[in-house]
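Engineer: Per the numbering used here, residue 1 is the first one in the sequence shown, and the count goes up by one each step. Backbone N, C-alpha and C define an ideal beta-carbon position, used for all residues, glycine too. On a predicted model such as this, the values are computed, not experimentally measured, just so you know.
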Amino acid sequence: MIDTMARPLVELLGVFGTGLLPAGSPADALRAASDALDAGYALARTAIGELDAGWTGVAADAAIGRARNTQAASVELSDRGREIAVVVEAASETVRVGTAELQTILESFLSLAASALPLLGTPAGQTMLITAAVDHVGRALAVVERVRGELAADTARMVELTAPDPVPAQSRPVEVAGRVLSAVSAAHPAASTAVFDGSGAATAVDFGSAGSTAEVGSAGGSSSYDPRFGGRGVEILLPDGSTAVAPNQEAANAVRAALSQQGVPYQWGGTTPGQGLDCSGLTQWAYGEAGVGLPRLAQEQSVGVPVGQEDLLPGDLAVWDGHVAMVIGNGQMIEAGDPVSVSSIRTSNSGMGFHGFYRPTE
1 MIDTMARPLV ELLGVFGTGL LPAGSPADAL RAASDALDAG YALARTAIGE
51 LDAGWTGVAA DAAIGRARNT QAASVELSDR GREIAVVVEA ASETVRVGTA
101 ELQTILESFL SLAASALPLL GTPAGQTMLI TAAVDHVGRA LAVVERVRGE
151 LAADTARMVE LTAPDPVPAQ SRPVEVAGRV LSAVSAAHPA ASTAVFDGSG
201 AATAVDFGSA GSTAEVGSAG GSSSYDPRFG GRGVEILLPD GSTAVAPNQE
251 AANAVRAALS QQGVPYQWGG TTPGQGLDCS GLTQWAYGEA GVGLPRLAQE
301 QSVGVPVGQE DLLPGDLAVW DGHVAMVIGN GQMIEAGDPV SVSSIRTSNS
351 GMGFHGFYRP TE
């Protein structure tokens with residue numbers, strides 16, 4: 001009979017958990033991540049200061065602004081990580097305290113029942129035990145309700161702190177620091193700058209342009225160089241933090257427009273940016289944003305100059321019988337899968353006939 005009366009308390013205690021965080025807990029991991037972000041912030045702050053002092057012009061302003069935006073976002077992420085760690089520890093402590101209280105209530109009931117054992121064969125003793133069980137279960141439920149309320153507040157705070165990542169999709173603190181440090185290592189900052197990409201090849205960057213982006217020409221025969229546009233092009237920052245060079249402003253604008261639709265759901269026949277796009281709807285809309293008209297159907301977008309895979313540049317289109325994708329550079333392309341996303345360049349697609357690669361802007 002005692003076991004039956006104690007079972008609700010035992011079951012409550014069993015499902016409550018201990019509230020004890022193991023070594024290497026989420027709170028510890030969050031604090032370590034915040035420390036890493038702080039280190040990246042310090043590195044990038046130094047690099048930005050050197051860059052601001054040695055590089056001027058429209059392209060410099062754009063790069064420095066982007067780096068500072070990333071700096072602000074990294075500070076927010078670091079602070080947010082530490083706040084989440086505090087919430088995790090507070091919630092764990094709430095559960096630990098609640099568990100201890102439930103254990104005390106259970107022990108109180110068992111102690112009372114043991115002392116009343118000689119009387120349990122009488123109606124009065126049984127009534128007393130039932131009354132005590134009801135009282136102890138009521139006390140336990142009050143603990144559970146209090147803990148639930150405290151955890152609800154912690155949950156609400158956690159939801160607030162885990163809002164979408166504030167870091168710009170195309171910027172990461174350490175990568176930005178690396179890029180700006182490369183820029184300030186220039187040998188000739190006055191008219192053009194030699195930027196070393198880490199592979200031993202130097203790229204001449206012309207900062208004298210009045211345009212909104214830097215014009216880039218490679219001296220090392222990289223895939224960003226094409227003699228058909230005189231070694232000049234428009235630099236694009238890719239989602240992975242790397243850069244590529246489009247042959248002209250229209251192609252660059254088309255790539256940027258297409259990249260802005262990452263995550264948009266696939267919709268057959270879809271032409272609405274931000275809501276639903278199919279493969280040709282994405283490329284037609286992106287090039288339309290750049291002022292270049294394309295046919296609606298995928299197989300009809302084989303317009304412009306055919307190019308070989310070894311000569312691909314950002315903005316080139318890969319066209320199949322029933323599919324089309326846009327090259328963004330560095331062996332990648334963007335396409336309307338489900339959702340719109342970046343993938344590796346390929347020439348096969350579910351058995352469709354491949355028409356080839358085309359450059360609509362030439």
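1. Among residues of its own chain, excluding the 5 on either side of Pro227, which ones have a beta-carbon nearer than 6 Å to its beta-carbon?
2. Mind pulling the alpha helix (DSSP H) runs of 4 or more residues that sit fully within the region 253-339?
3. Which first and last residues belong to the beta strand (DSSP E) in which Gly356 is found?
4. Leaving aside the five residues before and after Ser280 along the sequence, list all residues of the same chain whose C-beta is less than 7 Å from its C-beta, in chain order.
5. For Gly304, I'd like the list of residues in its chain whose CB is within less than 6 Å of its CB, leaving aside the five on either flank, ordered along the chain.
6. Out of Leu110, Gly98, Gly81, state which residue places its alpha-carbon closest to the alpha-carbon of Asp135.
7. Provide the residue span of the alpha helix (DSSP H) that contains Leu237, from first to last.
8. If we count Cβ pairs, one from each stretch, closer than 8 Å, do we get three or more for the region 249-257 versus the region 268-288?
9. How do the region 305-323 and the region 237-253 stand: do at least 3 beta-carbon pairs fall below 8 Å, yes or no?
10. Tell me which residue opens and which closes the beta strand (DSSP E) that Thr122 is part of.
11. With 16 as the cutoff for other CB atoms within 10 Å, does Gln332 come out buried or exposed?
12. When DSSP labels each residue in this structure, what does Ala116 get in the three-state scheme?
13. Specify, as a first and last residue, the run of the beta strand (DSSP E) that Thr243 falls within.
14. Whose C-beta lies closer than 8 Å to the C-beta of Trp366 among residues of the same chain, with five residues either side of it excluded?
15. Which partner residues does Ser343 have in the DSSP bridge list?
Structural biologist: So, to answer that:
1. Position 227 of the sequence shown, counted from the start, is the residue given in the question as residue 227. Because Pro227 sits at a pLDDT of 44, beneath the cut-off of 50, its placement in the model cannot be relied upon, and the following sentence gives the value as read from the coordinates. Same-chain partners within the cutoff: there are none.
2. 279-289
3. In the sequence shown, residue 356 corresponds to position 356, counting from 1. Start and end: 354-359.
4. Residue mapping note: residue 280 aligns to position 280 of the sequence shown, counting from 1. Excluding sequence neighbours, Ser280 sits near Arg296, Leu297, Ala298, Gln301, Val324.
5. The residue labelled residue 304 in the question sits at position 304 within the sequence shown. Result list for Gly304: Tyr358, Arg359, Pro360, Glu362, in chain order.
6. Walking along the sequence shown from the start, residue 135 turns up at place 135. Selected option, being the one with the closest Cα: Leu110.
7. Here residue 237 corresponds to residue number 237 of the sequence shown, with the count starting at 1. From DSSP, Leu237 is part of no alpha helix (DSSP H) but of the beta strand (DSSP E) over 234-237.
8. yes
9. yes
10. Here residue 122 is taken as the residue at index 122 of the sequence shown, counted from 1. From DSSP, Thr122 is part of no beta strand (DSSP E); its letter is neither H nor E.
11. The residue given as residue 332 occupies position 332 in the sequence shown. So Gln332 counts as buried.
12. As a first step, residue 116 is located in the sequence shown; it is residue number 116 there, counting from the start. DSSP places Ala116 in coil when its eight states are reduced to three.
13. Start at 1 with the first residue of the sequence shown, and residue 243 comes out as number 243. From DSSP, the beta strand (DSSP E) with Thr243 extends over 243-246.
14. The structure shown has nothing for residue 366, since the chain only spans 1 to 362.
15. One-based indexing of the sequence shown puts residue 343 at position 343. Note: Ser343 sits in a beta bridge opposite Met333.
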